[in-house]
Each structure stands twice: as structure tokens, then as C-alpha cells.
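To keep things clear, I will list the structure first and then write my remarks on it.
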Amino acid sequence: MRFLKAFSVLILIIMLVGCSNENEVNTSKTTSTTTVNDTIPASKEFFAMDTYMEVDAYGDNGEKAVAKAEKEVNKLDSILSTGKSTSEISKLNKNKKQVVSADTMSLIKESVKISKATNSAFNPTIYPLMELWGFTTKNYYVPKDNEIKPLLNHMDIDNIKIDESKNEVSFKDSNMKIDLGAIAKGYTSSKIIDIFKENNIKSGMVTLGGNVQVLGKKPDGSLWKVGIQNPIGEDEYLGVLRTSDKAVITSGGYERNFTKNGKTYHHILDPSNGYPANNGLTSVTIVSSDGTLADALSTSLFVMGKDKAIDFYKKSNYNFDFILYSSDNKLIISDGIEDIFSSDLDIKVVNK
Ligand code: ADP
Ligand code: MG
26 MRFLKAFSVL ILIIMLVGCS NENEVNTSKT TSTTTVNDTI PASKEFFAMD TYMEVDAYGD
86 NGEKAVAKAE KEVNKLDSIL STGKSTSEIS KLNKNKKQVV SADTMSLIKE SVKISKATNS
146 AFNPTIYPLM ELWGFTTKNY YVPKDNEIKP LLNHMDIDNI KIDESKNEVS FKDSNMKIDL
206 GAIAKGYTSS KIIDIFKENN IKSGMVTLGG NVQVLGKKPD GSLWKVGIQN PIGEDEYLGV
266 LRTSDKAVIT SGGYERNFTK NGKTYHHILD PSNGYPANNG LTSVTIVSSD GTLADALSTS
326 LFVMGKDKAI DFYKKSNYNF DFILYSSDNK LIISDGIEDI FSSDLDIKVV NK
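Here this note's numbering runs 25 ahead of the position in the sequence shown, where the first position is 1.
This is how it looks when you write it as C-alpha cells:
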């Protein structure tokens, strides 16, 4: 079921590889679609990190690069997943102190930085709340206020202690647990693009669930076309982005949720109150050359809501663009992608 859902997301946010007609949107998921140059990528599809993934690399070293990419994904999954009791993150959550790999260290450091930069809209210490709501076991539960409140007291990011000389991370608060689910997939797609580059690949793409990262341009020299899923209209796009060398990462409450007594509860929680974020946005797409940043910010801006997200963009030194889809079905995008994003919907552009 989860697989099917992830699969359908993939079809919707698919790279539009072989369109000879500029206005045509190709929703086929076939990766061996013939391009203008008849170039066929080396391609691999697999299931990891709880989602459906696909890596495509064009050029001579393609097979080698996609094999290495799959290995890298499995490695990162095994050290970062909260669902695996042997992962570094699970051991850290259990023992409150853990020697970690360079990948985990770098992700935790980045998470702390982004948490501070977003005034805690992004907060990896959310894990005890994810457990309380049942998102970690799928035994979903709507907690009472007095069950949520005590957990909010154990989410101070400053209680994460990092000792780089020992490669060690520890928690000053024994009730603290972390979850890198909002940033790990973006980090992973960035690492895959690095692997592609190391193997002299000039053109490639990575799809991890709804997240896409592209390397270079398409082999025929044209820009990649990334369809942004419309969360409410299945099989529809909010619009299409023409781009190169970018991560395009979307967060939305529609991706993982449950319904109880007619009310739907989703998996992106607002750290300020412990409830699913409900701040006027249906989805947030971030476009950036930094996949890790794009993933963390897609979650952050979704939590912030429209006004704070726009404000954050204007003031932030981070290099990114956004596509916000509001609960009242309006599209708001940042000026950096004005010329490369097209949609049938009205678009409001926000200047930096
Ligand atoms: P997805 O992983 O479904 O593509 P996100 O990147 O937005 O979507 O990440 C959502 C995941 O991040 C949740 O499943 C949970 O593990 C974690 N999470 C939820 N709320 C927050 C938050 N406010 N800050 C950081 N991580 C969060
Ligand atoms: Mg995210």
C-alpha cells in the first residue's frame, strides 16, 4: 500500500524526459524513454528509506554510477533510519550518546543550524511526538493536550551536544530523541549527484519519493522538465519547472496521514504546539542546488505557513526558491524561478 502510494507520487512528479513537443507533458514513468539523441540512461529502481526511488545516469559510466548510488542509499538508510534499531540514530536515541559516522555528524550539524535559522519550524527533536501520534508504528492515535504538552519541553535543540574531536553526539536531556526524516532524503539525493560527478556523469536524475534532483541538462542539451504534483488533483500538475543542476523537493500534508472521526492528521508537526502543521499551506516545493537544504526548507516553510515563509525568503541568506500552494488554491512563487516555472493557474510572484 505504502509502495503503491509512493509509486503514484513518483509517476506524478516524474522527470519529463522525452518530450519532442515543448508543451507536451509526458507522464510515462519509463526511464528508457527515447530522447532526441536516442540516449538511454543506465537506470535503477528500488525501495529504500520507506519510499520508491529511481536513479538514472547518462553516459559511459552510467551502470557503475547507478550501482554505486544504490549502495550509497542503502548505507545511508542503515545509519539514519529510526525504523532500524541498529542505525546510529536509533542507538543515539536509546543511549543518548553515540559515536557517529561523518554522514550522520554532518546531517546533525546541518539540522541544528537549520533549526536555529528557522526559529525551530524545523526541529529534528520532534521524534517523541511522532511516536505519540503513532506515525512511527502506524498505530495512529490522536493525543490529548496533556499528553502533547510535556513532550514539548524536551525539544530544545541546544541540548544536542556535538563533540567533533570524538565524532560523538550526545543529548543533555535524557528524554530527547531525534528524527532526520525531514532532511535525510535531500542529503541522499545530493550524495548521489556527487557520486555521479565523481564518475564523470554529466547528465542524470534522482527521484526519491516526491523529491527530484537533476544533474546538468538532458543529454540533448535542453533543460529538464519537472512536473510539480497537484496535491488535490490526482494526475494533475500545479505546474512545470524547467531547470538544470537543481533539487526540487516537495513537502505536503497529503503525503502521509490518517483520518479519525472525519478529521485528517498528517505527518509534518508544528514544533510550537505538537499538532500537525496547519498554517494555510497545502504543499511547499523548494528549488535549490543544495538538496539537503531544499529538503529541510520544504518542511520548514510548510510549518511556517505563507506569510512567515515569504518573510523567511526575503530575509534569509540561504540560496533557494519556492512554490507555495495555499489552502485556498493559490500559487505563490519566488522571483528566482519566475522565468522557468509555468502553470495554468494564476501565479503570484514574490520578490526577494
Ligand atoms: P517527506 O519525508 O514525507 O517527504 P518531509 O521532508 O516534510 O516529508 O519530512 C517529514 C518527516 O520529517 C516526518 O515524517 C517526520 O519524520 C519529520 N518531521 C515532522 N515534522 C517535523 C518538523 N517540524 N521538523 C523536522 N522534522 C519533522
Ligand atoms: Mg523535508
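By construction, the Cβ of each residue, glycine as well, lies at the ideal position given by its N, Cα and C atoms.
None of these values were measured; they are calculated from a predicted model.
**Whether Glu135 touches Val125 by CB criterion (7 angstroms)** = For the purposes of this step, residue 135 is taken as residue 110 along the sequence shown, with counting starting at 1. For the purposes of this step, residue 125 is taken as residue 100 along the sequence shown, with counting starting at 1. Contact: no.
Identify every residue that forms a DSSP beta bridge with Asp71.
Locating residue 71 in the sequence shown gives position 46, where the first residue counts as 1. Residue identity differs from the one stated: residue 71 is Phe in this sequence, not Asp. In DSSP, Phe71 forms a bridge with Met78.
Original post:
Cβ of Trp249 within 7 angstroms of Cβ of Thr275?
Top reply: Numbered from 1 along the sequence shown, position 224 holds the residue referred to as residue 249. Numbered from 1 along the sequence shown, position 250 holds the residue referred to as residue 275. Result no, Cβ atoms of Trp249 and Thr275 do not sit closer than 7 angstroms.
- prompt: Nearest to Ser68 by alpha carbon, out of Ala92, Asp75, Thr76, Tyr77?
  reply: Taking the first residue of the sequence shown as position 1, residue 68 is located at position 43. Ranking the options by Cα distance to Ser68, first place goes to Ala92.
Val273 and Val251: beta carbons closer than 7 angstroms? Walking along the sequence shown from the start, residue 273 turns up at place 248. Walking along the sequence shown from the start, residue 251 turns up at place 226. Contact flag set, yes.
| query | Do you know how far the Cα of Ile357 is from the Cα of Asp295? | reply | As a position in the sequence shown, residue 295 is number 270, starting the count at 1. As a position in the sequence shown, residue 357 is number 332, starting the count at 1. Roughly 22 angstroms between the two C-alpha positions.
Quick test of your reading: Ser228 and Tyr83, contact by CB under 8 angstroms. State the CB separation rounded to the nearest angstrom. Within the sequence shown, numbered from 1, the residue matching residue 228 stands at position 203. Within the sequence shown, numbered from 1, the residue matching residue 83 stands at position 58. Contact flag correct, Cβ pair sits at about 4 angstroms.
- Task: Scan the region 294-329 and note each continuous alpha helix (DSSP H) run of 4 residues or more that stays entirely inside, going in chain order.
- Result: 316-329
Among the residues of its own chain, which have a CB less than 7 angstroms from the CB of Leu177, if the five just before and after it don't count?
Counted from its first residue, the sequence shown places residue 177 at position 152. Same-chain partners within the cutoff: Gly299.
Whole beta strand (DSSP E) elements within the region 216-304, 3-residue minimum
228-233, 236-240, 249-254, 262-268, 272-277, 282-285, 288-291
Margin query: Assuming Gly211 and Gly316 are in contact, meaning their beta carbons sit under 8 angstroms apart, how far apart are those beta carbons, in whole angstroms?
Written below: The residue given as residue 211 occupies position 186 in the sequence shown. The residue given as residue 316 occupies position 291 in the sequence shown. Indeed, because the Cβ distance is near 4 angstroms, the residues count as touching under 8 angstroms.
Alpha carbon to alpha carbon, what distance is there between Lys116 and Val237?
Your numbering for residue 237 matches position 212 in the sequence shown. Your numbering for residue 116 matches position 91 in the sequence shown. Answer to the nearest angstrom: the Cα atoms are 30 angstroms apart.
Assuming Tyr152 contacts Lys202 (C-beta within less than 8 angstroms), just tell me the rounded distance between them. In the sequence shown, the residue the question calls residue 152 occupies position 127. In the sequence shown, the residue the question calls residue 202 occupies position 177. Confirmed, Cβ separation roughly 4 angstroms.
Per-residue DSSP class, three states only, for Asp385: There is simply no residue 385 to check, as the chain begins at 26 and stops at 377 in what is shown.
Under 6 angstroms: does the beta carbon of Ala207 sit that close to some heavy atom of the ligand ADP? For this step, residue 207 is matched to residue 182 along the sequence shown. Result yes, Cβ under 6 angstroms from the ligand ADP.
- Query: Who are the near neighbours of Ala73 in its chain, counting only those whose CB is closer than 7 angstroms to its CB and skipping five residues on each side?
  - Reply: Counting from 1 along the sequence shown, the entry for residue 73 is found at position 48. If we look at Ala73 and ignore the five residues flanking it on each side, its Cβ neighbours are Val98, Asn99, Asp102.
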